[in-house]
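Here the structure comes first, spelled out in structure tokens, and everything after it is commentary.
As structure tokens, then:
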């Protein structure tokens, strides 16, 4: 069989693979919609990483992920985890649709601990709204394994038995304070679509 | 063909000549390796690791706990060697301790949570000290290098003989020999560690008890994969099978008279950390193991407020059939003991709220806020009280 026969097939396959790849992109100030589920207003230019289907989440950053990460997750169902591991012996923290406010914060912080954050500690939990829906907002502290201290804030709601979440954390020194107002504005503007 | 044979012989001779001896004498006190040696390279790597560990958020820095663990290490290793060892208590909820060739010893809090007395902890520390004293890291490193050389030799030989596929077999054999050697070093560490511990006057029978407890805990695990891995050995296992280790240690202890266990000293030294270590253990989400461990600690009969709270937390997080009812009962029980954390009342309030007992929940929440006026979740709790008190 002539090799010319395969050439168009290879080209088509390569094209299909290339178009299936989603790349890192810029999020300009203005409306940002995650997964047709959460809408927010961003005031700065963020960098967006591709959505992870396994954990139904997407990460945004300004200075690079280790220096500040905003995570969106929507429609997480009961029994699903916010994180992923290839270690099949590990049992991950999972979301439950009957979780009370304190348990929602616990679920998020345990997921962060599982991912390697150390000394995670809830510093404030208060009632909030996610658009018209009831939600909780909480702040927390933690540290990386090498001792760098982190601060974070999150807004979480359970709507139609699924979890909606926005989470931001960054090194306490300089970076958290640098973007705190922007993040608070984003959380204030959040609504379920 | 003759040229090829010559080439193979040449490579073989080179590989054999580069074989390093694994027959090394125990390290002497105060000794450090010559900078030109492979051992110095290993030390240097671990010096770098240790430098990072000193600033790590994982480190437990409590001076009393560190001094206590160090005291047991010195008891077992002797005062001369003790000066060469640096002990770090690391906040990791897994049963483990590690020893580096440069004298860096890590003791994980998961081990401290699981040991029942000083004698059990002393055995693990004695085992780790043997790795240091007998320079097991160096032996393992040299064995690995020799195995890699042998594997290369087999690959070249196989390729020259036109049997390239056999080279994979050579690699596998070299690898299995390496793991087998590692298991032999672990056996040596068990035997000599046991000797150090009993020489220091500790009860040798506790070494096997520690392993028996671990076997029972893993059998209670929710992970079938973990249970399988723990029960079966393979040529690639890094440690001997636990049942083999138990039999060996029981044999060693059989003819010895009982020594000290220092159970109360151990409980006293670890008590301030029990609540935190149980919290950390729950993050693992292996509720079978979590509950096994908590129930075992409850049998001890003290710190019951802390322990029943931890039990209730494990049941609540597991959410199996009937778990929420059992959790509520355990929260209630926890609140009867003076060492119960204030958050046991908040959790009891949550349990009552979940089943629709609003007035009971409000009462529990009010006690929680009285006990913990600076509660980080005060606004959420007060919001519930305000909303539902108005409804009432």
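Residue numbers (this note's numbering), protein chains in the order written: chain A, 4 to 196; chain B, 118 to 509.
Note that the Cβ used here is the ideal one computed from N, Cα and C, for glycine as well.
Note that the structure is a prediction, hence the values are computed from the model and not measured.
Counting the other Cβ atoms within 10 Å of the Cβ of residue 118(A) gives fewer than 16, which makes it exposed.
Residue contact check for residue 402(B) against chain A: a CB pair falls below 8 Å. Of the candidates 66(A), 132(A) and 85(A), the residue whose Cα lies closest to the Cα of residue 173(A) is 66(A). Here residue 73(A) is near residue 170(A), since their CB atoms are less than 8 Å apart.
Under a criterion of Cβ atoms nearer than 9 Å, the residues of chain B adjacent to residue 117(A) are, in order, 400, 401 and 402.
Here the alpha carbons of residue 428(B) and residue 400(B) stand approximately 13 Å from one another. Residue 52(A) sits in coil when the DSSP states are folded into three classes, being neither helix nor strand. Per DSSP, reduced to three states, the secondary structure at residue 40(A) is coil, with no helix or strand assignment. Beta bridge pairing from DSSP links residue 319(B) with 377(B).
Contacts with chain B at 8 Å (Cβ-Cβ) do not include residue 86(A). One Cα belongs to residue 50(A), the other to residue 127(A), and the distance between them is close to 28 Å.
Under the three-state reduction of DSSP, residue 95(A) is assigned to coil, being neither helix nor strand. Listed in chain order, the non-local C-beta contacts of residue 125(A) below 7 Å within the same chain comprise 108, 112, 141 and 143, local neighbours out to five positions each way being set aside. Residue environment for residue 460(B): buried (at least 16 other C-beta atoms within 10 angstroms of its C-beta).
Annotation: Cβ neighbours of residue 92(A) in chain B (cutoff 8 Å, chain order): 340, 342, 343 and 346. Contact with chain A is absent for residue 432(B), since none of that chain's Cβ atoms lies less than 8 Å from the residue's Cβ. With a threshold of 8 Å between beta carbons, residue 76(A) makes no contact with chain B. Contact between residue 202(B) and residue 194(B) holds: CB atoms are separated by about 6 Å, below the 8 Å threshold. With fewer than 16 other beta carbons inside 10 angstroms of its own, residue 135(A) counts as exposed. Shown in chain order are the members of the stretch 163-178 of chain B whose Cβ falls below 8 Å from a Cβ of chain A: 169, 172, 173, 174 and 175. Contact of residue 163(A) with chain B is not assigned, every C-beta pair being separated by 8 Å or more.
Contact check for residue 212(B) against residue 331(B) passes: the beta carbons are separated by less than 8 Å. Between residue 229(B) and the set 160(B), 248(B), 304(B) and 382(B), the nearest pair of CA atoms involves 382(B).
Close partners of residue 176(A) in chain B (Cβ separation under 8 Å) are lacking, with about 14 Å as the shortest Cβ gap. Residue environment for residue 39(A): exposed (fewer than 16 other C-beta atoms within 10 angstroms of its C-beta). Of the candidates 181(B), 334(B) and 311(B), 311(B) places its Cα closest to the Cα of residue 373(B). In the DSSP assignment, residue 78(A) falls within the unbroken beta strand (DSSP E) covering 72-79.
Residues of chain A with a Cβ closer than 7 Å to the Cβ of residue 500(B) are, in chain order, 130. Looking only at 235(B), 260(B), 234(B) and 204(B), the smallest Cα-Cα distance to residue 221(B) is reached by 204(B). Collapsing the DSSP output to three states places residue 411(B) in a helix. Judged by DSSP in its simplified three-state form, residue 173(B) adopts coil rather than helix or strand.
For residue 42(A), none of the residues of chain B pass the 7 Å Cβ criterion, the least Cβ distance being about 25 Å. Under the three-state reduction of DSSP output, residue 173(A) falls in the strand class.
The beta carbons of residue 239(B) and residue 314(B) sit closer together than 8 Å.
Using a Cβ-Cβ cut-off of 7 Å, residue 99(A) is close to 436 of chain B, given in chain order. For residue 497(B), the chain A residues whose C-beta falls within less than 8 Å of its own C-beta are 104, 105, 128, 129, 130 and 139, listed in chain order.
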